[in-house]
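Residues 3 to 411, numbered by this note's numbering, are exactly what the sequence shown covers, in order.
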Amino acid sequence: MHIPTLIARKREGEELSADEIGRLVNGYVSGDVADYQMSAFAMAVYFKGMSAVETAALTRAMIASGDVFDHPAGAAVVDKHSTGGIGDKVSLILAPLVACAGCRVPMVSGRGLGITGGTLDKLESIPGFRVGVSIEEADEILDQLGVVMMGQTDRFCPADKKLYALRDVTGTVPSIPLITASIMSKKMAETLDRLVLDVKYGTGAFMKTKADAEVLAAGMIAVGKEMGVEVFAVLNEMSEPTGRAVGNALEVIEALECLDGGGPDDLRNVVLDLSEKIAGIGRAELEKILDDGSARRKFDELVVIQGGKVEDLGRLAEIHKAPVIRDVVSENGGTVCGVDAGKIGQASLELGAGRAKATDPVDFAVGFDKLVKSGEPIVQGDVLVRVHARTEKDAEKASAAVLAAISIA
Ligand code: URA
C-alpha cells in the first residue's frame with residue numbers, strides 16, 4: 003500500500019476501505035508509517051471528514067491494535083468518558099464513586115489534549131502514581147478494588163496512544179471521526195456493559211456548538227450499539243470551566259474536596275448526573291457515598307495500589323507550590339456574567355499546564371484556583387481568581403488573560 007497515495011485520496015475526500023484504514027493503523031503502530039505521514043492523514047480527515055463506515059473501521063482498527071479486557075462474570079462493567087473540557091476533573095471522583103456502588107470500572111483515560119486537561123496528567127501530579135499499568139495488573143487491581151485508572155499502553159490501545167499524542171500537537175484534535183475513534187477504541191477495548199459519555203460543547207470544548215456535539219454523540223452511540231454496549235450521552239455546556247480550579251495538581255485538590263463531600267456545586271452535580279446513568283443505584287445513594295467518606299477511601303486505596311501515598315494527598319499544594327502565586331482582583335463591582343472557558347484553557351496551557359509538543363513535560367503546579375462563577379456578586383477589590391505561575395512574567399500574562407476572560411456587568 004502506497005501511503006502518500008492514501009493520504010492524497012483522503013485529502014481529495016475519497017472514502018477509504020476498512021482494509022486500507024486497518025493497514026494504515028497497523029503501519030503506524032509498527033513504525034512503518036511515519037509520524038509526519040499520520041499527521042498529514044489526520045489533517046486530511048480533519049478537513050474532509052470520514053463516513054460512518056470509515057469511522058467504525060478506524061475504531062475497530064484502533065481496538066485491534068492491542069489487547070482487550072476480559073472481565074469475570076458478576077459486577078456490571080461501566081465507565082465514563084468526556085470529550086474534553088476545562089477544569090474537568092470529574093473522572094477522578096466518578097471512578098471511585100461508581101466502584102463503591104458495586105460496579106467494576108476499568109477507566110482508561112488520556113493526557114491533556116489541545117487546551118483541555120487530561121486525567122492522566124492530573125493523576126501523575128500525585129507523586130508515585132503509575133498510570134502505565136499492564137492489563138494483567140489492571141485486572142488484579144480491579145479484582146481488589148473494583149476500579150483502576152490507567153492510560154493507553156504499548157499493548158492496550160497503542161494506536162490511540164500514538165495518535166492521541168500526535169493530534170495534540172498538530173492541530174488535529176477537533177475532528178468528529180478522530181474523537182469518536184479515539185474515545186470509542188479505548189472504551190470498547192475495556193469490554194464494558196454500560197458507558198456514559200460526557201459530550202461537551204462551547205468555547206472550552208472541541209465542539210463549539212450543541213449541534214456538532216449532538217452529531218458527535220450520535221456517532222459514538224452508534225459505534226457502541228454496534229458493539230453491544232449500552233451507551234448514554236449527556237450533553238454538557240463547557241462555556242465556563244467546571245469548578246473553580248484549572249491545572250493539574252490544583253484540579254486534584256478540588257477533586258479531593260468533592261470526594262470529601264464538599265467542592266463546587268457544578269462539579270458535584272455533573273459527577274452525580276453522569277454517575278446516575280451507569281451506577282445502577284439512585285442519586286441519593288450516590289450522594290451518601292460521597293458524603294460518608296466511602297468514595298474518598300476508595301480513591302485513597304486506588305492511589306496506594308497504583309504507587310502513591312495517602313499522606314501526599316493532603317500536601318499536594320505544598321508539593322506543587324508554584325514560585326509565583328498571585329491574586330487577580332476586580333477593578334469594579336457587579337455580577338459575574340461569564341467566565342470564558344476557552345480563554346482560561348488557553349491561558350492555562352500557556353502557563354505550562356499542557357503541551358506544545360508531544361515530548362513536553364507538563365507543569366503540575368501551574369494554573370488557576372479560586373475562580374469566580376457566573377451569577378456571583380462581586381465588589382471592587384474582590385479576588386476573581388488566583389494565578390499559579392512559574393515566573394513573574396508568566397503570571398503577568400496569565401492575569402491579563404483571565405481578566406479578559408471574566409465578564410462582570
Ligand atoms: N478524549 C479522548 O480520549 N480522545 C479525544 O480525541 C478527545 C477526548
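Think of the CB as a built atom: it goes at the ideal place given N, C-alpha and C, for glycine as much as any other residue.
Would you list the one or two residues that DSSP bridges to residue 196?
As a first step, residue 196 is located in the sequence shown; it is residue number 194 there, counting from the start. In the DSSP output, where bridge partners are listed per residue, residue 196 has 80, 232.
Return yes when the C-beta of residue 244 is under 7 Å from any heavy atom of the ligand URA, and no when it is not.
On the sequence shown, position 242 is the one that residue 244 refers to. At a cut-off of 7 Å, the beta-carbon of residue 244 does not count as near the ligand URA: no heavy atom of the ligand is closer than that.
Taking all protein chains shown into account, decide if residue 76 is buried (16 or more other Cβ within 10 angstroms of its Cβ) or exposed.
For the purposes of this step, residue 76 is taken as the residue at position 74 of the sequence shown. It is exposed - the Cβ of residue 76 has fewer than 16 other Cβ atoms within 10 Å.
Bridge partners for residue 238 per DSSP, in chain order?
Position 236 of the sequence shown, counted from the first residue, corresponds to residue 238. Bridge partners of residue 238: 202.
Helix, strand or coil: how does DSSP classify residue 223 here?
Reading the sequence shown from its first residue, position 221 is the one you call residue 223. DSSP, read as helix, strand or coil, puts residue 223 in helix.
Sufficient close CB pairs (3 or more, under 8 Å) joining the segment 183-200 to the segment 60-72:
Yes, the segment 183-200 is in contact with the segment 60-72.
For residue 152, list the residues DSSP reports as bridge partners.
Taking the first residue of the sequence shown as position 1, residue 152 is located at position 150. 110, per the DSSP bridge assignment.
On the CB-based measure, 16 or more other CB atoms within 10 Å of its CB, does residue 157 come out buried or exposed?
Residue 157 sits at position 155 when you count from the first residue of the sequence shown. By the neighbour-count rule (16 or more Cβ atoms within 10 Å), residue 157 is not buried but exposed.
Given 8 Å as the limit, is there contact between the segment 218-229 and the segment 46-58, that is, 3 or more CB pairs closer than that?
Touching, per the Cβ criterion.
Which residue comes first and which comes last in the beta strand (DSSP E) that contains residue 391?
For the purposes of this step, residue 391 is taken as residue 389 along the sequence shown, with counting starting at 1. Note, residue 391: beta strand (DSSP E), 385-391.
Just reading off the alpha helix (DSSP H) that residue 244 is part of, what are its end residues?
Looking up residue 244 in the sequence shown gives position 242. DSSP places residue 244 in no alpha helix (DSSP H); its state is neither H nor E.
Grouping DSSP H, G and I as helix and E and B as strand, with all else coil, what is residue 159?
In the sequence shown, the residue the question calls residue 159 occupies position 157. Three-state DSSP puts residue 159 in coil, outside helix and strand.
Just the Cα atoms here: how many angstroms apart are residue 23 and residue 63?
Here residue 23 refers to the residue found at position 21 when the sequence shown is read from its first residue. Here residue 63 refers to the residue found at position 61 when the sequence shown is read from its first residue. Approximately 7 Å between the Cα atoms of the pair.
With 16 as the cutoff for other CB atoms within 10 Å, does residue 317 come out buried or exposed?
The count along the sequence shown starts at 1 and reaches residue 317 at position 315. Burial call: exposed.
Rounded to whole angstroms, what is the Cα-Cα separation between residue 371 and residue 103?
By one-based count along the sequence shown, residue 371 stands at place 369. By one-based count along the sequence shown, residue 103 stands at place 101. Those two C-alpha atoms are separated by around 30 Å.
Is residue 283 near the ligand URA, going by C-beta to nearest heavy atom under 7 Å?
The residue given as residue 283 occupies position 281 in the sequence shown. Checking the Cβ of residue 283 against the ligand URA gives no.
Which whole-angstrom value describes the C-beta separation of residue 135 and residue 152, a residue pair presumed to lie in contact below a C-beta threshold of 8 Å?
Position 133 of the sequence shown, counted from the start, is the residue given in the question as residue 135. Position 150 of the sequence shown, counted from the start, is the residue given in the question as residue 152. In this structure, residue 135 and residue 152 form a Cβ contact; the two beta carbons are roughly 5 Å apart against a cut-off of 8 Å.
Which partner residues of residue 408 appear in the DSSP bridge assignment?
Mapped onto the sequence shown, residue 408 falls at position 406. DSSP output for residue 408 lists 341 as bridge partner(s).
Might you give, ordered along the chain, the residues of its own chain that have their beta carbon closer than 7 Å to the beta carbon of residue 384, omitting 5 neighbours on each side?
On the sequence shown, residue 384 is found 382 positions in, with the first residue counted as 1. Once the five neighbours on either side are set aside, the close Cβ partners of residue 384 are 331, 332.
Residue range of the alpha helix (DSSP H) that includes residue 262
For the purposes of this step, residue 262 is taken as the residue at position 260 of the sequence shown. No residue range can be given for residue 262, since it is assigned to no alpha helix (DSSP H) and is classified by DSSP as neither H nor E.
Hey, is the segment 305-317 in contact with the segment 354-374, meaning 3+ C-beta pairs nearer than 8 Å?
Under the Cβ criterion (8 Å, minimum of three pairs), the segment 305-317 does not count as touching the segment 354-374.
Could you have a look at residue 331 and say whether DSSP puts it in helix, strand or coil?
Taking the sequence shown and counting its residues from 1, the one referred to as residue 331 is at position 329. Residue state, collapsed to three classes: strand.
In the DSSP output, what is residue 209 paired with across the bridge?
Walking along the sequence shown from the start, residue 209 turns up at place 207. Bridge partners of residue 209: 203.
Contact test: residue 203 Cβ vs the ligand URA heavy atom, cutoff 7 Å:
If you number the sequence shown from 1, residue 203 lands on position 201. False, no ligand heavy atom lies under 7 Å from that Cβ.
Would you say the beta carbon of residue 67 is closer than 7 Å to some non-hydrogen atom of the ligand URA?
Residue mapping note: residue 67 aligns to position 65 of the sequence shown, counting from 1. At a cut-off of 7 Å, the beta-carbon of residue 67 does not count as near the ligand URA: no heavy atom of the ligand is closer than that.
Rounded to the nearest angstrom, what separates residue 124 and residue 410 at their Cα positions?
One-based indexing of the sequence shown puts residue 124 at position 122. One-based indexing of the sequence shown puts residue 410 at position 408. So the alpha carbons of these two residues sit roughly 30 Å apart.
Looking at the secondary structure, which residues open and close the beta strand (DSSP E) in which residue 370 lies?
Against the sequence shown, residue 370 aligns to sequence position 368. Boundaries of the beta strand (DSSP E) harbouring residue 370: 369-371, taken from the DSSP string.
Per DSSP, the bridge partner or partners of residue 118
Start at 1 with the first residue of the sequence shown, and residue 118 comes out as number 116. 115.
Relative to the ligand URA, is the shortest distance from any of its heavy atoms to the C-beta of residue 88 smaller than 7 Å?
Residue 88 sits at position 86 when you count from the first residue of the sequence shown. No, the beta carbon of residue 88 sits no closer than 7 Å to any heavy atom of the ligand URA.
Applying the criterion that 16 or more other CB atoms from any shown protein chain within 10 Å of the CB defines a buried residue, is residue 167 buried or exposed?
If you number the sequence shown from 1, residue 167 lands on position 165. By the neighbour-count rule (16 or more Cβ atoms within 10 Å), residue 167 is buried.
Inter-residue spacing [alpha-carbon to alpha-carbon] between residue 300 and residue 13:
On the sequence shown, residue 300 is found 298 positions in, with the first residue counted as 1. On the sequence shown, residue 13 is found 11 positions in, with the first residue counted as 1. Rounded to whole angstroms, residue 300 to residue 13 spans 48 Å at the Cα level.
Just to check, is the beta-carbon of residue 112 closer than 7 Å to a non-hydrogen atom of the ligand URA?
As a working mapping, residue 112 is identified with position 110 in the sequence shown. Checking the Cβ of residue 112 against the ligand URA gives yes.
For the alpha helix (DSSP H) containing residue 56, name the first residue and the last one.
Position 54 of the sequence shown holds residue 56. 54-66 is the span of the alpha helix (DSSP H), which, as asked, contains residue 56.
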